[in-house]
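Here the protein sequences line up with chains X and G, keeping their order.
According to my numbering, the first sequence is numbered sequentially starting from 45.
According to my numbering, the second sequence is numbered sequentially starting from 267.
C-beta atoms are modelled at their ideal positions from N, C-alpha and C, and glycine is treated no differently.
All remarks here apply to the structure that follows.
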Amino acid sequence: PRSRPRVLLKAPTLAEMEEMNISEEEESP
Amino acid sequence: HPVNIPRREKDFQGMLEYKKEDELKLVKNLILELKPRGVAVNLIPGLPAYILFMCLRHADYNNDDQKVRTLLTSTINSIKKILKKRGDDFETVSFWLANTCRFLHCLKQYSGDEAFMKHNTQRQNEHSLSNFDLAEYRQVISDLAIQIYQQLIKCMENILQPMIVSGMLEHETIQGVSGVKPTGLRKRTSSIADEGTYTLDSILRQLGAFHSTMCQHGTDPELIKQVVKQQFYIIGAVTLNNLLLRKDMCSWSKGMQIRYNVSQLEEWLRDKGLMTCGAKETLEPLIQAAQLLQVKKKTDEDAEAICSMCLALTTAQIVKVLNLYTPVNEFEERVSVSFIRTIQTRLRDRCESPQLLMDTKMIYPVTFPFSPSSLALETIQIPSSLNLAFLTRV
């Protein structure tokens, strides 16, 4: 039995992650 | 160099410790540069998923929400990146579909949610996440798995597509039933010309290769069933569409050949224990078209029999087959115009689309039924071939 509840980690949607990823990909040749 | 004293497995807690700065190295070595055909062949199925989850458990154990977030984001983005790069390679896509599903199952199995803990050992329950509820991330990973599944279907379709017409319709394995060839039949007679053409065996071998790859990657049996059903749908739809467009495929003997080919596909399903996955049912329109080529098409009774038999075909499809039907010898006749009118009258009240061709791009919705693993995380060892020596078993 747990003493305290787990903290919900808010997640971006897959589409939002995709947008984040665009800037990341621009770095690579 | 510290002396490596072997520890007993029960002393491990099923976690992997890594430094924040090693995260990129982790996804690079484990996801971006892992070759499913090389090193990964000898791994236990789902090992990359277990390793990533054990790293995640350590970040959760340390109550480091930032580390949990970045690991999940890097994992998801790296899987997407490798699929963008090698998305046309069936083995790569199958490998990451199996591992993404395993990762999703781990997130559920060790979530602490009682609904997912029913089959856990006590030790597995002790390994549940301590600090964070990752339900939202589970949704993102489930969405990712759907994308990978759709990519797997496209990939498989690209491989199967060129084999289907040749293997299911053109190539004749039953000798001597054709008699006089119908006009316009494009059968090559030279054995040399036949080399390089696909046969039913090519299709069966390809289905076997897809199946064994997915099994080797530890794909959930329930997911394999859905893939096979989709494969059979594509085979049935492409074959039927071509039959509906080619007069030379609408003969009594082609009906015979198609029924034989379908029986071989069914045999393949039986051999793999997949008779109940719904794959056979997807061939029903093709089976009925083949039967339509073989039944008598003359009297009112024949018309009635056809209408009650061809429930999986649309009126447009039935009429098209009857119009295209070509006798192969002098004992047969073309279907009369009046017979076709009788059929049309009988089917007038059917509520259906006027659709002639089947949608070969249709994909059945996929589900990923929860499939917990009995594997004990604390027993997992990392092979040196993965180049992950910077991870520490905890």
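**Item:** Spatial neighbours of G/Ser396 in its chain, beta-carbon cut-off 8 Å, leaving aside the 5 residues before and after
**Value:** Within the same chain, G/Ser396 has close Cβ partners Asp326, Tyr327 and Asn329.
**Message:** Buried or exposed, going by whether 16 or more other CB atoms sit within 10 Å of the CB of G/Tyr415?
**Reply:** buried
**Item:** Alpha carbon of G/Met619 to alpha carbon of G/Asn365, nearest angstrom
**Value:** Correcting the residue type first, residue 619 of chain G is Ser in the shown sequence and not Met. Rounded to whole angstroms, G/Ser619 to G/Asn365 spans 40 Å at the Cα level.
**Asked** Any contact of the region 500-516 of chain G with the region 617-635 of chain G, i.e. 3+ C-beta pairs under 8 Å?
**Response** yes
**Request:** Give a yes or no on whether 9 Å exceeds the smallest Cβ distance from X/Glu62 to chain G.
**Result:** Judged by the 9 Å Cβ criterion, X/Glu62 is in contact with chain G.
**Contacts that G/Leu410 makes with chain X (C-beta to C-beta distance below 7 Å)** = Leu58
**Prompt:** Taking 8 Å as the line, does the beta carbon of G/Ile425 fall inside it for any heavy atom of the ligand MN?
**Reply:** Annotation note on the ligand MN: not contained in the displayed structure, which lists no ligands.
**Request:** Please list, in chain order, all residues of the same chain as G/Met575 whose beta carbon is under 7 Å from its beta carbon, the five residues on each side excluded.
**Result:** Gln554 and Gln557
**Message:** If you measure between the beta carbons of G/Gly502 and G/Pro551, is that distance less than 9 Å?
**Reply:** yes
**Message:** Let me confirm a value: G/Gly280 is counted as buried when at least 16 other C-beta atoms fall within 10 Å, else exposed. Which label applies?
**Reply:** buried
**Asked** Distance, Cα to Cα, G/Ile403 vs G/Leu290?
**Response** The sequence as given places Tyr at residue 403 of chain G; Ile does not occur at that position. Straight-line Cα distance between these residues: approximately 20 Å.
**Prompt:** For a contact meaning CB atoms closer than 7 Å, what does G/Leu395 contact in chain X?
**Reply:** For G/Leu395, the neighbours in chain X by C-beta distance under 7 Å run, in chain order, Arg50.
**For G/Val603, the three-state DSSP class (helix, strand or coil)** = Looking at G/Val603 - three-state DSSP - the assignment turns out to be helix.
**Residues bridged to G/Asp326 (per DSSP)** = Note: G/Asp326 sits in no beta bridge, so no partner.
**Request:** Anything in the region 332-347 of chain G with a Cβ closer than 9 Å to a Cβ of chain X? List those residues in chain order, please.
**Result:** Those residues of the region 332-347 of chain G that come within reach of chain X (Cβ to Cβ, closer than 9 Å) are Val334, Arg335, Leu338, Thr339, Ile342, Asn343, Lys346 and Lys347.
**Message:** Which of the three DSSP states is assigned to G/Glu532 in this structure?
**Reply:** helix
**Request:** From the DSSP output, read off the bridge partner residues of G/Phe398.
**Result:** X/Val51
**Request:** Closer than 9 Å by beta-carbon distance: list the chain X residues that pair up with G/Ala401, in chain order.
**Result:** Correct list: Leu52, Leu53 and Ala55.
**Request:** Could you tell me which of G/Lys351, G/Val431, G/Thr658 and G/Val359 sits nearest to G/Asp514, measuring between CA atoms?
**Result:** G/Val431
**Request:** Below 6 Å CB to CB, which residues in the same chain sit around G/Phe278 once its five sequence neighbours on both sides are set aside?
**Result:** Glu644 and Arg659
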